[in-house]
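Reading through the structure tokens given below for one structure.
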Amino acid sequence: MAGMFRELRSEVEEAVETALSDLGLPTDDLGVEEPPEDVPAVLASSVAFRLAGEVGAPPPKVAVDIAEEIDATPYDYLESAEPQGPYVNFFVSDAYYAETVAAGRDADYGSLPDTGKDVVVEHTSANPTGPVHVGRARNPILGDSIARLLDFAGNDVERHYYVNDAGRQVAVFTWAYETFEESDLPDPERDRSDYDLVRYYRRGNAYLEDADEEDAAAAEEEIAEIMQGLEAGEEETYERVAVVVDQVLGGMRQSLERLPAEFDEFVKETSFIRGGEADDVVDRLQASEYAVYEDDAWQLDLSPFGFEKNLVFLRSDGTTLYTTRDLAHHEWKFENYDEAVTVLGEDHKLQAEQLDAALEILGNDTSDLRQTFYSWVNLPEGGMSTREGTGVDLDDLLDESVARAREEVEERLDSRIRDDELDEDDIDRIARQVGIGAVRYDIVSKQPTKGITFEWERALDFEAQSAPYVQYVHARCRGILNEAESAGIEAETEISLLDTDAERDLLRVIARFPAVIEEAAEDLEPHAVATYVREFAETFNRFYRECSVLNAEDDDVAAARLGLVEASRHTVANALSVLGIEAPKSM
RNA sequence: GGGCGUGUGGCCUAGCGGAUCAGGGCGAGGGGUUCCUAACCCCUCGAUCGCGGGUUCGAAUCCCGCCACGCCCGCCA
Numbered sequence: 163m164a165g166m167f168r169e170l171r172s173e174v175e176e177a178v179e180t181a182l183s184d185l186g187l188p189t190d191d192l193g194v195e196e197p198p199e200d201v202p203a204v205l206a207s208s209v210a211f212r213l214a215g216e217v218g219a220p221p222p223k224v225a226v227d228i229a230e231e232i233d234a235t236p237y238d239y240l241e242s243a244e245p246q247g248p249y250v251n252f253f254v255s256d257a258y259y260a261e262t263v264a265a266g267r268d269a270d271y272g273s274l275p276d277t278g279k280d281v282v283v284e285h286t287s288a289n290p291t292g293p294v295h296v297g298r299a300r301n302p303i304l305g306d307s308i309a310r311l312l313d314f315a316g317n318d319v320e321r322h323y324y325v326n327d328a329g330r331q332v333a334v335f336t337w338a339y340e341t342f343e344e345s346d347l348p349d350p351e352r353d354r355s356d357y358d359l360v361r362y363y364r365r366g367n368a369y370l371e372d373a374d375e376e377d378a379a380a381a382e383e384e385i386a387e388i389m390q391g392l393e394a395g396e397e398e399t400y401e402r403v404a405v406v407v408d409q410v411l412g413g414m415r416q417s418l419e420r421l422p423a424e425f426d427e428f429v430k431e432t433s434f435i436r437g438g439e440a441d442d443v444v445d446r447l448q449a450s451e452y453a454v455y456e457d458d459a460w461q462l463d464l465s466p467f468g469f470e471k472n473l474v475f476l477r478s479d480g481t482t483l484y485t486t487r488d489l490a491h492h493e494w495k496f497e498n499y500d501e502a503v504t505v506l507g508e509d510h511k512l513q514a515e516q517l518d519a520a521l522e523i524l525g526n527d528t529s530d531l532r533q534t535f536y537s538w539v540n541l542p543e544g545g546m547s548t549r550e551g552t553g554v555d556l557d558d559l560l561d562e563s564v565a566r567a568r569e570e571v572e573e574r575l576d577s578r579i580r581d582d583e584l585d586e587d588d589i590d591r592i593a594r595q596v597g598i599g600a601v602r603y604d605i606v607s608k609q610p611t612k613g614i615t616f617e618w619e620r621a622l623d624f625e626a627q628s629a630p631y632v633q634y635v636h637a638r639c640r641g642i643l644n645e646a647e648s649a650g651i652e653a654e655t656e657i658s659l660l661d662t663d664a665e666r667d668l669l670r671v672i673a674r675f676p677a678v679i680e681e682a683a684e685d686l687e688p689h690a691v692a693t694y695v696r697e698f699a700e701t702f703n704r705f706y707r708e709c710s711v712l713n714a715e716d717d718d719v720a721a722a723r724l725g726l727v728e729a730s731r732h733t734v735a736n737a738l739s740v741l742g743i744e745a746p747k748s749m
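Just so we're aligned, residue 163 is where the first sequence starts under our numbering, counting upward by one.
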């Protein structure tokens, strides 16, 4: 049940290995790969190139010998091996296609068997200083998609947001919130706690920058007091900070939920100070052979790990640093989960590597920790900053996208052929699904390491190679399924009647889905699923044009095609679900 | 200065050692709807895969050098 393609791949690998060893040839590299689109085989091998020297014959001759030696009879899905030039091509049996339709007709098609692993995915973890802006939006979208992907690949997944509530920023924020008067501030951009409070944060930062030395120093003293209070474990200080943090975070959560990105737990940095775990980390690091005491501060000499500079883990005033607390945080993850995944901006790369080294020093096995990085989303004119108030708020982007999607829906209403009468709720629903989906797909479909420059027109393009393009395929499937039901057509798993190129192409693409999930999950690359689902949609649209279900030659063909549509619907719905994009029942 | 990342047609993007077409999309031009929703499909235009070397039977993909851009090199997070 783990996917026909994956089983076929195993069969082919075994068959090639057997044939090679029977021929007395090395089996270390089987060269099994996917052939180009125009080759009708499902898999191919390029071993002949590598073995040509050894055999003393040209690759095409070697390919013939290997193909002849391969015995397909013991296998269910491998039908035959045929040489073509220097390649050996592998063709599949009807059972391969039949099992694909049968598997695809299960609603959870594509999901992988339970791994039994508990995995924690930490993502976003943006400082609670103000509304989420587009520059940060890649993190929740990527992180949430990775969590969904790992879940679909058979893992038990928890999503965590690590709340930085112990740093200087929140101290500044708390001081500003307690110091400035609302009447001195501009109106909030939205009636929500994060938009409300960020005004104090911005005012506070501006004050620190512009105030004369004496006033600034006085403010700094108050800020330092808050930081010291946190470190000393003063309950009262925690409460003061929490008033600010919890309110801002509450607002930010509402933005994130629109994506949607939801969390199982918000883990506060201060909890590792209060619980004593951070102090414990300090004690153990001080006792390690890498610890040095320089300039009144405790540091780690990480040169054996390839780092030029020392990593300070305890300030000269005796307080801990972000990384120190994060060490305690990660040890806690190791205790409670089998694997930990963290989604971070590229600016945290060095810090993440140092964290890794320090965790090793503390005796942890960091092979269970995987960090994945992404580049920032910038505006054409530069970066975005919460503190300075520059950038596009995520809420504004989503609102704009939904509004444009609504315009599209309304425009298309007139030329609509289908007589299913979309009501006001449908229009709302479609605008939201398409609008949010478009933003999400635009972000999740690109390699995370590539930088993105945010441009309205490009982000909100609903044409081909976008979420709506794929979502439309789902709506088409639902449309066919609904009509078929009223027409009394029952789906069948009947491969012999699905023999056109369009049908076979679609079957082959559907068969690959579980293998795509497997590989994407292994590499933490949801964009591979986005690429796949786009290819799937292209293939489906060709099938849709050429092979009518409701107007098929006869009832048997209609029933067989309906089975294929069912499998298609599950494939596209599940792929979209992994990407966190809704699958509309109509558009 | 050092480290990491990115560089694919006018623009965006996939591929990251294998099939003398490097896939898609946007854009530009031309077609398609008495037939399951045209947010669709088909055709045409357009790429020395940043530059220069090297390894290999084979390189967009690996190695070296260079150039451009981004990020990092705090007792900030």
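All residues carry an ideal CB built from backbone N, CA and C; glycine is no exception.
To the nearest angstrom, how far is the alpha carbon of residue i from that of residue j?
i: ASN713; j: TYR259; result: 23 Å
i: LEU686; j: TYR324; result: 20 Å
i: VAL201; j: LEU668; result: 15 Å
i: LEU575; j: LEU724; result: 27 Å
i: VAL281; j: GLY438; result: 25 Å
i: ASP216; j: THR189; result: It is Glu, not Asp, that sits at residue 216 in the sequence shown. Those two C-alpha atoms are separated by around 12 Å.
i: VAL174; j: ASP256; result: 16 Å
i: ARG168; j: LEU182; result: 21 Å
i: GLU283; j: TRP618; result: Reading the sequence as shown, one finds Val at residue 283 and not Glu. Computed Cα separation, rounded: 30 Å.
i: GLY545; j: VAL360; result: 18 Å
i: LEU421; j: GLY742; result: 8 Å
i: GLY186; j: ARG666; result: 36 Å
i: ARG330; j: TYR363; result: 12 Å
i: SER273; j: GLY316; result: 7 Å
i: ALA567; j: VAL407; result: 34 Å
i: VAL734; j: PRO688; result: 14 Å
i: ASP716; j: GLY553; result: 58 Å
i: GLY412; j: ALA288; result: 13 Å
Among the options, whose alpha-carbon lies nearest the alpha-carbon of residue i?
i: THR655; options: LYS223, VAL263 and ALA214; result: VAL263
i: SER537; options: GLU493, ASP463 and PHE616; result: PHE616
i: HIS285; options: ARG298, PRO302 and LYS511; result: PRO302
i: ASP349; options: GLU343, ASP358 and PHE342; result: ASP358
i: TYR694; options: ASP372, GLY193, VAL740 and ARG402; result: VAL740
i: VAL539; options: ASP530, ALA593, ARG731 and VAL606; result: VAL606
i: GLU431; options: ARG365, VAL403 and GLU419; result: VAL403
i: GLY391; options: ALA649, ASP558, THR482 and CYS639; result: THR482
i: ALA243; options: ALA219, GLY507 and ASN251; result: ASN251
i: ILE589; options: ILE232, SER345, GLU396 and MET749; result: MET749
i: LEU462; options: LEU521, PRO275 and ASP426; result: LEU521
i: ALA721; options: ALA692, PRO275 and ILE642; result: ILE642
i: ASP441; options: ARG487, GLU647, TYR631 and ASN526; result: ARG487
Between residue i and the ligand GTP, is there a pair consisting of the residue's CB and a ligand heavy atom that are separated by less than 7 Å?
i: GLU244; result: For the structure depicted, the ligand GTP is absent and the ligand set is empty, with no information on it obtainable.
Do residue j and residue i come within 8 Å of each other at the CB atom, strictly closer than that value?
i: LEU524; j: THR485; result: no
i: ALA333; j: ILE388; result: yes
i: HIS492; j: VAL429; result: no
i: GLY193; j: SER172; result: no
i: ARG321; j: ALA338; result: no
i: ALA682; j: VAL691; result: yes
i: ASP268; j: HIS732; result: yes
Buried or exposed: residue i, going by 16 or more other Cβ atoms within 10 Å of its Cβ?
i: PRO290; result: buried
i: ARG300; result: buried
i: ASN367; result: buried
i: ARG674; result: buried
i: LYS471; result: exposed
i: GLN612; result: Contrary to the premise, residue 612 reads as Lys rather than Gln in this sequence. So LYS612 counts as exposed.
i: ARG696; result: buried
i: ILE579; result: exposed
i: ASN498; result: exposed
i: ALA649; result: exposed
i: GLY266; result: buried
i: THR341; result: exposed
i: GLY305; result: buried
i: ASP555; result: buried
Going along the chain, which unbroken runs of the alpha helix (DSSP H) with 4 or more residues stay wholly within the stretch 432-516?
432-436, 439-448 and 484-498
Enumerate, from N- to C-terminal direction, the unbroken beta strand (DSSP E) stretches of 3 or more residues contained entirely within the stretch 290-373.
318-325
Starting from the N-terminal side, write out each stretch of the alpha helix (DSSP H) that is 4 residues or longer and does not extend beyond the stretch 557-639.
Listed in chain order, the complete alpha helix (DSSP H) runs (minimum 4 residues) inside the stretch 557-639 are 586-606 and 618-621.
Fully enclosed by the stretch 668-716, which alpha helix (DSSP H) runs are 4 residues long or longer?
688-708
Residue ranges of each alpha helix (DSSP H) run of no fewer than 4 residues wholly in the stretch 254-291, ordered along the chain?
Restricting attention to alpha helix (DSSP H) runs no shorter than 4 residues, the stretch 254-291 encloses them at 256-266, ordered along the chain.
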